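Enquirer: Below you will find the structure I want to go over with you.
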Ligand SMILES: [Zn+2]
């Protein structure tokens, strides 16, 4: 059930990722093919299955549909399901699902457009603070410290290494801090940096991009945030266990 909820949410996130950077309304008009503009029916909108059934093409004009759409639905489904394994049906699961959905939307938009919209990160940060204030999070003080710690650190990195961190990354970091608190936010940053460094090296070795070219950091922050939320404590204990 949590998997299905995640698949459906992922389908909605695809709409957000497509429309928000284009300044289109999320709710209207109804879903349509971006090429032939034909309105999509229920049978075209079933997560993953429609894509497989239609063999990755628009039913009406046969334009290939990006494999990113079903992949993002599957990723969202997995995150919702892993959160369910961790928390069961609980308020914590809802918070994890909302946090995961926000991060996936940021990552998807950053991958395609190299921006992370304030319209996602700023309300997301406020939501994280409010949830912490009413008891669904790390506590309001910890939450505020998280915003200052990760937002501040990314801001500092952005100032020191010009062109390193964009404003979008900084605000996304602040949002993550609100949900995670300073300790887990740092765990998230370490995980994001490690994965980012490995992927960056692989891309340079494959000569897919040269060193100067910037790499979108939002997707790595998103992975770091989700891993820190679900497995942060386990990761810290494992790491300490190596040394003790
Ligand atoms: Zn079409």
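Numbering (the numbering used here), first residue to last: 6 to 249.
The beta carbon of each residue, even a glycine, is placed where N, CA and C say it ideally should be.
Quantities reported herein were computed from a predicted structural model and do not represent experimental measurements.
1. Excluding the 5 residues flanking residue 120 on each side, which residues of the same chain have their C-beta closer than 7 Å to its C-beta?
2. On the premise that residue 233 lies in contact with residue 196, defined as a C-beta separation below 8 Å, what is that separation, rounded to the nearest angstrom?
3. For the segment 38-52 against the segment 99-119, are there 3 or more C-beta pairs whose distance is under 8 Å?
4. Can you give, in chain order, each stretch of the beta strand (DSSP E) that sits fully within the segment 165-204 and has at least 3 residues?
5. Looking at the strands, I want to know which residues DSSP matches up with residue 37.
6. Cβ atoms of residue 21 and residue 137: under 7 Å apart, would you say?
7. Tell me whether residue 14 is buried or exposed, calling it buried when 16 or more other Cβ atoms sit within 10 Å of its Cβ.
8. I need the DSSP call for residue 122, collapsed to helix, strand or coil.
9. Is residue 20 a contact residue of ligand 1, with contact defined as CB to any heavy atom under 6 Å?
10. According to DSSP, is residue 62 helix, strand or coil?
11. DSSP three-state label for residue 52, please.
12. Where does residue 143 fall in DSSP's three states?
13. What is the rounded straight-line gap between the Cα of residue 40 and the Cα of residue 63?
14. Per DSSP, what are the beta-bridge partners of residue 69 in this structure?
15. What does a CB cutoff of less than 7 Å around residue 177 pick up in its chain, not counting 5 residues either side in sequence?
16. For a test of your reading of the model: does the CB of residue 9 fall under 6 Å from any non-hydrogen atom of ligand 1? Yes or no.
17. Got a sec? Which residues, its chain only, sit under 7 Å from residue 89 by beta carbon, not counting five neighbours each side?
18. Give the residues whose C-beta lies closer than 7 Å to at least one heavy atom of ligand 1, in chain order.
19. Return the residue from the list 116, 42, 146, 77 that minimises the CA-CA distance to residue 183.
20. To which residues of the same chain is residue 36 closer than 7 Å at the C-beta, ignoring the five residues directly before and after it?
21. Please return the same chain residues whose Cβ sits closer than 6 Å to the Cβ of residue 74, not counting the five positions on each side in sequence.
22. Which residues in the same chain as residue 31 place their Cβ atom closer than 8 Å to its Cβ, once the five residues preceding and following it in sequence are excluded?
23. Starting from residue 30 and walking both ways along the alpha helix (DSSP H), at which residues does that stretch end?
24. Counting only the same chain and skipping the five closest in sequence on each side, list residues whose C-beta sits under 7 Å from that of residue 69.
Expert: By the coordinates alone:
1. 26, 114, 173
2. 6 Å
3. As far as the Cβ criterion goes, the segment 38-52 does not touch the segment 99-119, which means the pair count is below three.
4. none
5. Bridge partners of residue 37: 44.
6. The answer is no: Cβ separation not under 7 Å.
7. buried
8. coil
9. no
10. strand
11. In this structure, residue 52 counts as coil in the three-state DSSP scheme.
12. coil
13. Cα to Cα, residue 40 sits roughly 9 Å from residue 63.
14. 62
15. Around residue 177: 111, 121, 126, 223, 226.
16. no
17. 7, 98
18. 38, 40, 41, 43, 63, 65, 66, 68
19. 146
20. 20, 45, 50
21. 19
22. Closer than 8 Å at the Cβ level, and outside the excluded window around residue 31, lie 20, 21, 24, 25.
23. No alpha helix (DSSP H) contains residue 30, which DSSP labels as neither H nor E.
24. Here residue 69 has 61, 62 as same chain residues with Cβ atoms under 7 Å from its own Cβ, once five neighbours each way along the sequence are excluded.
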